[in-house]
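Q:
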Amino acid sequence: MKRGRDEGFNSECLHAHKRCEGESSETGAAAEICVSEEKTNALDKDSDRHDVSLSIEAGSTANSTEDDENTSLLCHQNPQVRLRALACLLAHFDLLIRDTASAQYLHATLCRQLQREENLHVAQQIVRLITFIVISTCKPADSIRSEDSSVLNSHAIFCSTHFGSLNQSTIKSVFSQNIARLESISEPAMQCIKMFLSQSSTETESPTFKLQVLNSLSSIAMEVGGIQISLLYKHLKELLVNSNPFIKAQTLKFFGLCLVTDSCSKAKLGEKETIVFFLELSTDPAAVVRKASLLSVIYLCNNGYSLTEECFKVAVTLFDDSNDDVRSLALQLVSLWVKEDPEENTDTAFLEVCKMMTDMELSIRIEACKAFSIMMNVREDLLLQALSKKPLDFSNEAKERVTSSLITNGETDVDISEYEGGLGILDRLNMGAFVHGIEDEFWEVRSLTLDALSCFCCVSMRARAAITEIMLNLLNDDSNQVRLKAVHKLIYVAQHYTLEIDETNLQQVLATLEDIDDAIRDAGKNLIAILTHSSKDVLKSTIGTLMKYMQTHQQEKDVWHIFHKLGRAHNTFVQFLANDLVKELNTLLSREAGLDDSMCGCILFLLLGASEVNPNILSLVPAKMLSLSRLLVHNEDQMNGVLKTCTTESESRMTGKVSNACVVSDIVLEHKIGDFLGNTVKASWNVKRMLCSAMLDLSIHVLRTCQRDIRKLLNVLVNEDRVALATYSLHCIECVELIWKGHFYFQHNPTLTLASQPSLSELAQRLDFVVKCMQHTYTGHTHEQQLDLLELSMIPSLWKLSPIASQNELNKLSSAVDVIKNNLVQGSPPTSFLNKVQEIMLETTADSPSFQTALCELCSTFWPRPFSIFAVQEMKAVLTILENDFEHPAKFLPNMPFSVKARIFTRHLENSRVWVCLRLDSLWEKFIFLDSEELRRRNPMITSLQLPLLTLHSKCVVVATVYVECPGRYHVTGRGPRGLLIPLTPEKFIHLIPASDPSV
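The working numbering puts the first residue of the sequence shown at 25, with every later residue one more than the last.
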């Protein structure tokens, strides 16, 4: 049996042996042998395979412990023979391992050969073949298999025997990749890793070899899930005290990698202690070690470790490092520290990063610009000083908010308290930092400075104005990339905030139309279309420049789209210019070119856009003249599709071809009710712009039109949720109208107010009621909507306090402020309006004249934020008096109590206090509380309304109404409701007649 197995194994290696023996003989003989072998193989391949199969089957029962004299090919002196024998085995791999016995015999033979193999390449192939055998024959199991240990043992034997000859790629291919295919690292692999570490810390080994080992271990740690920290700790000190800085640096990187990949490292070492360990090495004399230290800290921070203030101080100290890479990494570390707590860390980090804008190295200045992009929470005074090279005068209160720990200077800390003026040192740190950025000689720095500045537009209006001025100046930059970036950032400001242009900087924007770069010209057109022009003269200059541009670029029809947008955005100014525009259009049409003149299209589309939001333009421009826009569209085959749509819709509105009923039905059928209501409420909110332009009549017309459109929509709505959304939108528009009337009161002398206009107290009372209705009769508000309504609820109290300050209204106002502050999300700042109200209440008293003056100024400037129309649910109730009407009154006996039946149907009233009020003129009033649990359980509910004693002896009518109670102590009515009541149903009449009445 033993002989059969050996013959089966050697039959696969025979041809390789003959080739290797032939290399030492003559060439002709070797060739002859090869030809003979090829013929033999060609004639009978099937029989050869059959013989091999039989040999393996015959050898499957042989005793594997006998002498291996027949494995002479693997033990041959010539390594090439052994390599070719292994290649032959690999070629017939599937046949050799088709049964378990053959695979086990081959595995044992290779393992014995591996232990005595001296050649690196042969040993590597043996390990590879052993791995293939084990992985191909192993079966799934829950625990680590014995076959895994066999493979890992072979790896360990190979690495220990040929450790000195291995390079990084060999270790990675032989060791880590094969282990990665198995389930885990077992004890043999750990022994091999320990051997690696011990060899790397040996003083006799060369530095190149140690670096090779550390690089290999890093590859293994990344591919197979990490290396236990306990293995590395034993040799860490020996590696870090090495005189070679590259070995220390690689050790730090490897240690940081192991800390992340070993899940138990935080519990073993401690997060804070680990960071401190790396920071201590950031002062190493070698730059490569300092760089590795910072890289490791950044790597740990990106993988769940927290930074401390000590990290920031070390990073600031390294700002003065002589190595460029170290300074760049220090900036990255500061950015990560800011992300840990933006509210607390931004101001400190901002000051330190500002001084890096003057660094001599380009990459450092670029990294500093990137660091600014996450510092949006910086204080306004620090940002404004960074935007100017001149020292700015700020209040001492702002300076006192910076402590002496803000600044460190390399070796020593600077105590600010020693300097007169408080922030003299800090002012010099950030003074003109961004000016240096926009004046940098490299366009990359100027471009990134623009990116950073755009992030600071949210800080304040003053900062945004200064930043906008810088962006406008960069429209004249020498670099195309910077000019294009400046235009894009101005578009960003115009879209997210408000970008108002006056005559001083208008030409800078219009100059983009003549830029040599096509992309800048296209971006400039988009910018002009969304700008806010400060006056009609500025708009007139823009219109003139665009019309001249159209004369020289008649093929660029997208300019008409710009005119359309300008008309929509500045419809008020277009109304003032309408007469001049119509005259100019008549002049152009009377010329030979007529409608083919491109400037005709400019004027037409300007009027079209303005008429969509300003109906008064319809009366100033003949409809026939506006209908010429259809001819423009039909004559231009390449007209923009969007422009066609705008033209058709505008013409339809102006000529009245589409009736309002058709529009409403289309809205309902196309399920665009939410969009329609949102746009209508937004249109009413925009009357603020008309109010500023003193267009009072037009403002009233817009508000009335919005209310009329929603009421028409209500007539065709059936779904209760949609009805609730529409009625809520009506309340929003009424709030805007009431606030608009309040503005009119404060901006004009109250004595000039028309007699038909309600007084300020009446406006306040109505606004308070509408806001309470929105707050307490609708559910489903978002958190932002709740805060907006709470802010609106303060306006009635402010209006009542402005003429005469009463303690009751002051208490209401103070209570409203407290409620808003309590409802703010943790970490979100209060609005500027709330801050102003608090300042007025703290700094002034109700008796002082300045109190009323400050309130009047605040009321005249307040305008609510845009209303958001989301899905809300309306509290509803339907009250029906059963078996009672004018013709069938209920009978009662004087001086005797009695009851009447009523049916009450409710929706969304589960968590509210609901009352039924019964009132008989001014004689008496009674409140009946309705149990919310009973309402929810029986809907509709049939109940009896108990009336008190009636001393009357004639017919009478009792008024019944269902109310919802708002929280708050506004009045006291005995045992009745204690809060403000909002009616849910119209008044219902209970007709009564004495039983003794002869007419009964």
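All residues carry an ideal CB built from backbone N, CA and C; glycine is no exception.
Compute the distance between the beta-carbons of Thr536 and Leu551, then report whether it is under 8 Å.
A: Yes; because the gap between Cβ atoms is below 8 Å, this pair is in contact.
Q: My assumption, with CB atoms under 8 Å, is that Pro921 sits in contact with Pro991. Please give the rounded CB distance.
A: So it is not a contact: roughly 32 Å between Cβ atoms.
Q: Runs of 3 residues minimum, wholly inside the segment 307 to 394: which ones carry the beta strand (DSSP E) assignment?
A: You should have found no qualifying run.
Q: What three-state label does DSSP hand Trp887 in the structure shown?
A: Reduced to three states, the DSSP call for Trp887 is coil.
Q: Please identify the residue among Glu391, His912 and Trp709 whose C-alpha is closest to the C-alpha of Pro890.
A: For Pro890, the nearest C-alpha among the options comes from Trp709.
Q: Between Glu758 and the rest of its own chain, which residues show a CB-CB distance below 6 Å, the 5 nearest in sequence each way excluded?
A: For Glu758, where only same-chain residues beyond five positions count, the Cβ hits under 6 Å are Val794.
Q: With a threshold of 8 Å, are at least 3 pairs of Cβ atoms found where one atom belongs to the segment 581 to 591 and the other to the segment 604 to 617?
A: The answer is no - the segment 604 to 617 does not touch the segment 581 to 591, with fewer than three Cβ pairs under 8 Å.
Q: Let me confirm a value: Ala115 is counted as buried when at least 16 other C-beta atoms fall within 10 Å, else exposed. Which label applies?
A: So Ala115 ends up on the exposed side.
Q: Are Ile1017 and Lys915 close, meaning C-beta to C-beta below 8 Å?
A: In this structure, Lys915 lies closer than 8 Å to Ile1017 by Cβ.
Q: Would you please state the rounded distance, in angstroms, between the beta carbons of Leu813 and Leu837? I believe it to be under 8 Å.
A: With 8 Å as the limit, Leu813 and Leu837 do not qualify as a contact, their Cβ atoms being about 16 Å apart.
Q: So Leu110 packs on Leu144, CB below 8 Å; how close in whole Å?
A: About 14 Å separates the two Cβ atoms, so there is no contact after all.
Q: Within 8 Å, do at least three Cβ pairs link the segment 943 to 953 to the segment 901 to 918?
A: Taking 8 Å as the limit for Cβ pairs, the verdict is that the segment 943 to 953 does not touch the segment 901 to 918.
Q: When the Cα atoms are used, what is the spatial distance from Arg108 to His100?
A: Taking the straight line joining both Cα atoms gives about 11 Å.
Q: For the beta strand (DSSP E) holding Glu989, just list the boundary residues, first then last.
A: Per DSSP, Glu989 belongs to the beta strand (DSSP E) from Cys980 to Glu989.
Q: Could you name the residues of the same chain whose beta carbon sits closer than 7 Å to that of Ser558, not counting the 5 residues immediately before and after it, in chain order?
A: Within the same chain, Ser558 has close Cβ partners Glu524, Ile525 and Asp526.
Q: Mapping DSSP to helix, strand and coil, what is Pro1001?
A: Coil.
Q: What is the rounded straight-line gap between the Cα of Val902 and the Cα of Phe929?
A: Going from the Cα of Val902 to the Cα of Phe929 covers about 5 Å.
Q: Assuming contact is defined by CB atoms lying nearer than 8 Å, are Ile641 and Leu630 in contact in what I supplied?
A: For Ile641 and Leu630, no; Cβs fall outside 8 Å.
Q: Let me know the secondary structure DSSP gives Leu1008 once reduced to three states.
A: Leu1008 falls in the coil class under three-state DSSP.
Q: Is Val982 near the ligand SAM, judged by its Cβ being under 7 Å from some heavy atom?
A: Annotation note on the ligand SAM: not contained in the displayed structure, which lists no ligands.
Q: Using DSSP's beta-bridge definition, name the partner residues of Met965.
A: According to DSSP, which records beta bridges pairwise, Met965 is partnered with Ile928.
Q: Give the DSSP-derived three-state secondary structure of His512 in the structure shown.
A: Of the three classes helix, strand and coil, the one that applies to His512 here is helix, per DSSP.
Q: By DSSP, does Glu465 sit in helix, in strand, or in coil?
A: Residue state, collapsed to three classes: coil.
Q: Here's a check: name, in chain order, each residue in its chain whose Cβ is nearer than 7 Å to the Cβ of Lys560, leaving out the five neighbours to either side.
A: Counting only Cβ-Cβ distances below 7 Å, and skipping sequence neighbours, we find Phe597, Phe600 and Leu601.
Q: Kindly identify the DSSP beta-bridge partner or partners of Trp764.
A: Its beta-bridge partners do not exist; DSSP assigns none.
Q: Using the Cβ count rule (16 or more neighbours within 10 Å means buried), how would you classify Asn595?
A: Burial call: buried.
Q: Just to confirm before moving on: does the CB-CB distance between Leu969 and Val988 stay below 8 Å?
A: Result no, Cβ atoms of Leu969 and Val988 do not sit closer than 8 Å.
Q: Any contact between the segment 955 to 967 and the segment 978 to 987? By contact I mean 3 or more CB pairs, one from each, below 8 Å.
A: Verdict: no, contact absent.
Q: With a threshold of 8 Å, are at least 3 pairs of Cβ atoms found where one atom belongs to the segment 805 to 812 and the other to the segment 748 to 762?
A: In short, these stretches do not touch, since the Cβ pair count stays below three.
Q: Which residues does DSSP pair with Ala901 in a beta bridge?
A: Thr930, per the DSSP bridge assignment.
Q: Taking Cβ positions, are Leu762 and Ala750 nearer each other than 8 Å?
A: For Leu762 and Ala750, no; Cβs fall outside 8 Å.
Q: Check Pro1018 in the structure and name its three-state DSSP category.
A: It is a strand residue.
Q: Between Phe480 and Ile491, is the Cβ-Cβ spacing less than 8 Å?
A: For Phe480 and Ile491, yes; Cβs fall inside 8 Å.
Q: Quick one: grab the DSSP three-state call for Val794.
A: If DSSP states are grouped into helix, strand and coil, Val794 belongs with the helices.
Q: Check each candidate in Val533, Gly633 and Arg931 and name the one with the smallest Cα separation from Glu898.
A: Checked all of Val533, Gly633 and Arg931; the closest Cα to Glu898 is Arg931.
Q: Taking the beta strand (DSSP E) that Val938 belongs to, which residues open and close that run?
A: Per DSSP, Val938 belongs to the beta strand (DSSP E) from Val938 to Leu944.
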